[in-house]
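Asks: First residue of the sequence shown? That's 237 in our numbering, and the numbers climb one at a time after it.
Built from N, CA and C at the ideal position, the CB exists for glycine as well.
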Amino acid sequence: MKLECLQPCLRAVGFLTKYLRGEAIFLSATMPDHSALFQRYIGDAKCRELILDKQDTRFFQKCRYSYLGMTDMEAVAQRALDYPSSLIIVNSRKTAREIYRLLTGRKYHLSTYMTPFDRSETIPKIRRDLADGEKITVVSTSLVEAGVDLYFQAVFRQLAGLGSILQSGGRCNREGRLDHGDVFIFETEDKLRGDMKVRAAIVRDLLDRGCELTSEESIKEYYSRLFAYSDELIEQNSISAGVDRLDGIPFRSYAEGFGFIKDETVSVVIESCGEAAQLVEQLPFGGKTVRRKLQRYSVSLRVHGELDRALKAGLLRETDSGFFILSAGDRYNSETGLDIDYQPDYID
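(1) Report yes or no: do the segment 527 to 547 and the segment 498 to 507 share at least 3 C-beta pairs separated by less than 8 angstroms?
(2) Alpha carbon to alpha carbon, how far is Y578 from L256?
(3) What is the rounded straight-line gap between the Cα of L386 and the Cα of S489?
(4) Is Y319 helix, strand or coil when you go by DSSP?
(5) Am I right that Q389 and G417 are in contact with their C-beta atoms under 8 angstroms? What's the rounded C-beta distance?
(6) Consult DSSP for L393 and reduce its assignment to one of helix, strand or coil.
(7) Where S474 and M267 are concerned, what is the direct C-alpha to C-alpha distance, given to the nearest angstrom?
(8) Starting from E500 and walking both ways along the alpha helix (DSSP H), at which residues does that stretch end?
(9) Would you kindly check if the distance between the Cβ of T348 and the Cβ of R364 is under 8 angstroms?
(10) Output the distance between the C-alpha atoms of N327 and E423, rounded to the nearest integer angstrom.
(11) Can you tell me whether S536 is helix, strand or coil according to DSSP?
(12) When DSSP labels each residue in this structure, what does F560 get in the three-state scheme?
(13) Between the C-alpha atoms of D289 and A265, what's the straight-line distance to the nearest angstrom?
(14) Mind listing, in chain order, the continuous alpha helix (DSSP H) runs of no fewer than 4 residues lying wholly within the segment 415 to 484?
(15) Quick check on L273: does DSSP put it in helix, strand or coil?
(16) Strictly by DSSP, which residues pair up with Y344?
(17) Applying the 10 Å Cβ sphere with the 16-neighbour rule, what's the burial state of K282?
(18) By Cβ distance, which residues of its chain are closer than 6 angstroms to L530, with the 5 residues on each side in sequence left out?
(19) Could you give the first and the last residue of the continuous beta strand (DSSP E) run that contains E507?
(20) Apply the 10 Å Cβ neighbour rule to A316 and answer buried if 16 or more other Cβ atoms are within range, or exposed otherwise.
(21) Taking 8 angstroms as the cut-off, does the segment 444 to 457 touch the segment 244 to 263 (at least 3 CB pairs, one atom from each stretch)?
(22) What's the gap between the Cα of A248 and the Cα of F487?
(23) Between P352 and D280, what straight-line distance do the alpha-carbon atoms span, to the nearest angstrom?
(24) Alpha carbon to alpha carbon, how far is L338 from Q518? Give it in angstroms, no decimals.
(25) Who does E554 pair with in a DSSP beta bridge?
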């Protein structure tokens, strides 16, 4: 949940329920208490909680959470080997690649430095090894937290926001075959910035006080503190124009002003991956179909930083169609994806 988008989203729900007489249902494993914000931004909306008796939620708790405190990647990698199957989730693509290189034995890597094509090739291999009882370790960024049906006996999660940590727990002992699975939360010297730093600090405080992260009380406190800390950010990011009737809603202006996903990255086509080379040749006359297919063989680089470094190093070429193509094939491999800082070892 992007806090700068919270007010526009709530107002949009208010418009739909008030003017179109619809009903909105908020569903989440870590449901924030939006009641104060509802009153603030859509005060005439009628809200109620659907599930009042939450005593049975304890039956869905199939893992226990432990806090390892400050540690290093070597220790995490070594501890992961104590389990027949383990998943390590970290906050950055660079960290995922670094810890993957520390792992021994049967291992897999998942991050958006890999193309969707290579990720789709890797996930079935992981699933097959898990089904066969192979001893494996997987390291991933947060992309594995939702929408990927992989379940492990132990999960190691680098400190992050509460929602991310509890989603990570959903990858642990999901089917309840064990009495319990283990989710270990750890910190490293990696510097957190911005919103992530605030979220992680609240979780750290909950852990230091021995709070049960999955409890309703902890979830409520987490979001209450997060919303309070970010009150100015939530308040100033609005697309409301004092609309008081349906035909007065400036839908086009709202669509242009609302950027849920900030466009701060650019796609780079990995020409050596799959059928990318053939598709690149078709770019001048292939239209939207070719462009859409190329996304399967592309990775995203941050405009300020990664893209600048790649261009300066001469790793990319730009086509007339506006696509960036990776020219240096040794900077990409199907296991760990793109590494623009890779330095090959030359032997005289």
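Replies: To lay it out plainly:
(1) yes
(2) Walking along the sequence shown from the start, residue 578 turns up at place 342. Walking along the sequence shown from the start, residue 256 turns up at place 20. When rounded, the distance between both Cα atoms is 55 angstroms.
(3) Against the sequence shown, residue 386 aligns to sequence position 150. Against the sequence shown, residue 489 aligns to sequence position 253. Those two C-alpha atoms are separated by around 41 angstroms.
(4) As a first step, residue 319 must be located in the sequence shown, where it is residue number 83. If DSSP states are grouped into helix, strand and coil, Y319 belongs with coil.
(5) Within the sequence shown, numbered from 1, the residue matching residue 389 stands at position 153. Within the sequence shown, numbered from 1, the residue matching residue 417 stands at position 181. Confirmed, about 6 angstroms.
(6) Reading the sequence shown from its first residue, position 157 is the one you call residue 393. Note that residue 393 corresponds to Arg in the displayed sequence, not to Leu. Of the three classes helix, strand and coil, the one that applies to R393 here is strand, per DSSP.
(7) For the purposes of this step, residue 474 is identified with residue 238 of the sequence shown, where counting begins at 1. For the purposes of this step, residue 267 is identified with residue 31 of the sequence shown, where counting begins at 1. Approximately 22 angstroms, taken between the alpha carbons.
(8) The count along the sequence shown starts at 1 and reaches residue 500 at position 264. It is not in any alpha helix (DSSP H) - E500 carries neither H nor E in the DSSP assignment.
(9) The residue given as residue 364 occupies position 128 in the sequence shown. The residue given as residue 348 occupies position 112 in the sequence shown. In this structure, T348 does not lie closer than 8 angstroms to R364 by Cβ.
(10) The residue labelled residue 327 in the question sits at position 91 within the sequence shown. The residue labelled residue 423 in the question sits at position 187 within the sequence shown. Roughly 11 angstroms separates the two Cα atoms.
(11) In the sequence shown, counting from the first residue as 1, residue 536 sits at position 300. S536 falls in the strand class under three-state DSSP.
(12) As a working note, residue 560 is residue 324 in the sequence shown. Note: F560 maps to strand in three-state DSSP.
(13) For the purposes of this step, residue 289 is identified with residue 53 of the sequence shown, where counting begins at 1. For the purposes of this step, residue 265 is identified with residue 29 of the sequence shown, where counting begins at 1. Going from the Cα of D289 to the Cα of A265 covers about 15 angstroms.
(14) 430 to 444, 452 to 465 and 467 to 472
(15) Looking up residue 273 in the sequence shown gives position 37. The answer is helix: DSSP assigns L273 an H, G or I state.
(16) As a working mapping, residue 344 is identified with position 108 in the sequence shown. V374.
(17) As a position in the sequence shown, residue 282 is number 46, starting the count at 1. Label assigned to K282: exposed.
(18) Along the sequence shown, read from residue 1 onward, the residue named residue 530 stands at position 294. For L530, where only same-chain residues beyond five positions count, the Cβ hits under 6 angstroms are V505 and L515.
(19) Residue numbering aside, residue 507 sits at position 271 when the sequence shown is read from its first letter. Neither: E507 is in no beta strand (DSSP E) and is coded neither H nor E.
(20) Your numbering for residue 316 matches position 80 in the sequence shown. So A316 ends up on the buried side.
(21) no
(22) Taking the first residue of the sequence shown as position 1, residue 248 is located at position 12. Taking the first residue of the sequence shown as position 1, residue 487 is located at position 251. If you take the alpha carbons of A248 and F487, they lie about 10 angstroms apart.
(23) What you label residue 352 is simply residue 116 of the sequence shown in a count that begins at 1. What you label residue 280 is simply residue 44 of the sequence shown in a count that begins at 1. Straight-line Cα distance between these residues: approximately 44 angstroms.
(24) As a working note, residue 518 is residue 282 in the sequence shown. As a working note, residue 338 is residue 102 in the sequence shown. So the alpha carbons of these two residues sit roughly 40 angstroms apart.
(25) Locating residue 554 in the sequence shown gives position 318, counting from the first residue. F560, per the DSSP bridge assignment.
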